[in-house]
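Engineer: Going by this note's numbering, the residue at position 135 of the sequence shown is 125; the numbering climbs one at a time, nothing skipped. In this text, a Cβ means the ideal position worked out from N, Cα and C, and glycines have one as well.
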Amino acid sequence: MKVKTLLILTALLVVLIGAGVMVIRMNAPKAPDAAMGAYLIRNLPVNEIEYITLEGPSDRVRLEKESGKWVVADRSGYPADFSRIIDFVRALREAKTGRRFEASPGTLARLSLLDPSSEGPSDENKGTRVRFLDAGERILANLLLGSPRSSGSGAASGGRYVSIEGSSAVYLIDEPLSQYKPSPADWVKKELLDIPASKIQSLACRKDSEYLYRFERDESGDPFEPVIFPSGEKVDEQVLKKLSEVPASFRIDDVLPVSQIDQSAFNTCLEYRFFDGRIMLLCPLENDEAGPLVRISAGYDRPAADKKDSGLNVQIDEETAVETAELQDIVSRWVFKLSRWRFDSLITDPAELTADEKDPAS
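1) For the beta strand (DSSP E) containing residue 51, list its first residue and its last residue.
2) Under 8 Å by Cβ, that's how I've got residue 223 and residue 344 pegged, so tell me the actual separation to the nearest angstrom.
3) Quick one: what's got a C-beta closer than 6 Å to residue 204's C-beta in the same chain, skipping five residues either side?
4) Which residues bound the alpha helix (DSSP H) around residue 95?
5) Just list the alpha helix (DSSP H) runs in the stretch 242 to 303, keeping only unbroken ones of 4 residues or longer that don't cross its boundaries, in chain order.
6) According to the Cβ coordinates, are residue 155 and residue 123 closer than 9 Å?
7) If you draw a straight line from the C-alpha of residue 49 to the C-alpha of residue 319, how long is it?
8) Could you have a look at residue 103 and say whether DSSP puts it in helix, strand or coil?
9) Would you list the residues sitting across from residue 120 in a DSSP beta bridge?
10) Just checking my contact of residue 269 with residue 328 at CB under 8 Å: how many whole Å lie between their CB atoms?
11) Under the rule that 16 or more other beta-carbon atoms within 10 Å means buried, what is residue 143, buried or exposed?
12) Could you tell me how far apart the beta carbons of residue 283 and residue 275 are, in whole angstroms, since I believe they sit closer than 8 Å?
13) Which complete beta strand (DSSP E) runs does the stretch 174 to 202 hold, if anything under 3 residues is left out?
14) Is any beta-carbon of chain C found at less than 9 Å from that of residue 68?
15) State buried or exposed for residue 153, treating a residue as buried only when at least 16 other CB atoms are found within 10 Å of its CB.
16) Less than 9 Å between the C-beta atoms of residue 70 and residue 82, yes or no?
17) For the stretch 160 to 180 and the stretch 58 to 77, state whether three or more C-beta atom pairs, one from each stretch, are separated by less than 8 Å.
18) What three-state label does DSSP hand residue 345 in the structure shown?
19) Taking contact to mean at least 3 C-beta pairs separated by less than 8 Å, is the stretch 114 to 123 in contact with the stretch 31 to 48?
20) Looking at residue 214 and residue 188, is the spacing between their C-beta atoms short of 9 Å?
21) If you drop the 5 nearest sequence neighbours on each side, which residues of the same chain put their C-beta closer than 7 Å to that of residue 233?
22) Relative to the alpha-carbon of residue 321, which residue among 334, 84, 75, 286 has its alpha-carbon at the smallest distance?
23) Please state whether DSSP places residue 235 in a helix, a strand or coil.
24) Based on Cα-Cα distance, which residue from 245, 207, 103, 68 lies nearest to residue 263?
25) With a Cβ-Cβ cutoff of 9 Å, do residue 291 and residue 267 count as a contact?
26) Since residue 136 and residue 88 are thought to touch, with beta carbons under 8 Å apart, how far apart are those beta carbons, to the nearest angstrom?
Listed below in structure tokens is the structure:
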């Protein structure tokens, strides 16, 4: 064989081998991405975040930092749940990628990764747009949260599909983030009162200026004694106990500006007076459109026994007065939506506090 022919055949063989290798590589399963296990947005400058927006197909919420405190802009600046914000930012910042891939338009729709503002696609194919912005509203991070990862049976199995603005890749992260929704009600601070029953000196209900019932006690450990109650009726102690526990861990569901509800309708109120001088009025109202509501008022009347005291007691009294004034500043601007069971715990009818007389056993 001539040398020239041998060289030509060798060159052709090299070309064929190279082409074969390329075909094999193209058809072989893709190796795990080098970024697998890496953080999604670890470099997010959390200290620069001043605004957070979550936008879904049918709802959206904007959280803003005002004077160092987070508020819900969509709820007239009502205080936001700071711990929830911290948890949300931390969850995204610590989320790790378990898979990365390029997705077709059909796959994006199936994974609910279409933009929530896009027209045409079904809402179930759209995701939740999350943006973090700085003081100048410059975008620090822009993500789209898609559907949670599901098992073969269709049940959620942990993790969630996400995409990052400016990238064509889809990531499967290890955080489901299912509890964070683009609803203003989900982000308002729900804990409003947390005063244990042991601190209550008296509890009562009044309609306009007339008391329907009233109970008092001299010391924290004493039982409540009826001062005003239907004559001849026996008090149901279990119901009274539940009524005394209302100010402890009192949570709301949502808020409305006071301008949206006729305030004269809140004419029946529960009155709680505490040993430290605090006074809380909780005025429930069943509204045809808004549902179960309550109007709250907070006041302070320094206990008579402490009016001649000085030193530490005076300091404590002043702190209590300041805290009460701050609470009143908050509650004076809103009406609060309640869950049904919590609303039903605000008993205003004395008949519901009356024990049923049982016939003696024969």
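Structural biologist: Reading it off the structure:
1) 50 to 56
2) 5 Å
3) 194, 217, 218
4) 95 to 100
5) none
6) no
7) 29 Å
8) coil
9) 44, 133
10) In fact, because the Cβ distance is near 20 Å, the residues do not count as touching under 8 Å.
11) Note that residue 143 has pLDDT 49, beneath the 50 cutoff, so the model's placement of it is unreliable and the number below is only indicative. When all chains shown are included, residue 143 counts as exposed.
12) 5 Å
13) 181 to 183, 190 to 197
14) Reference to chain C is not applicable here, since this structure consists of a single protein chain.
15) buried
16) no
17) yes
18) coil
19) yes
20) no
21) 193, 337
22) 286
23) coil
24) 207
25) yes
26) The pair is not a contact, with the Cβ atoms about 14 Å apart (cut-off 8 Å).
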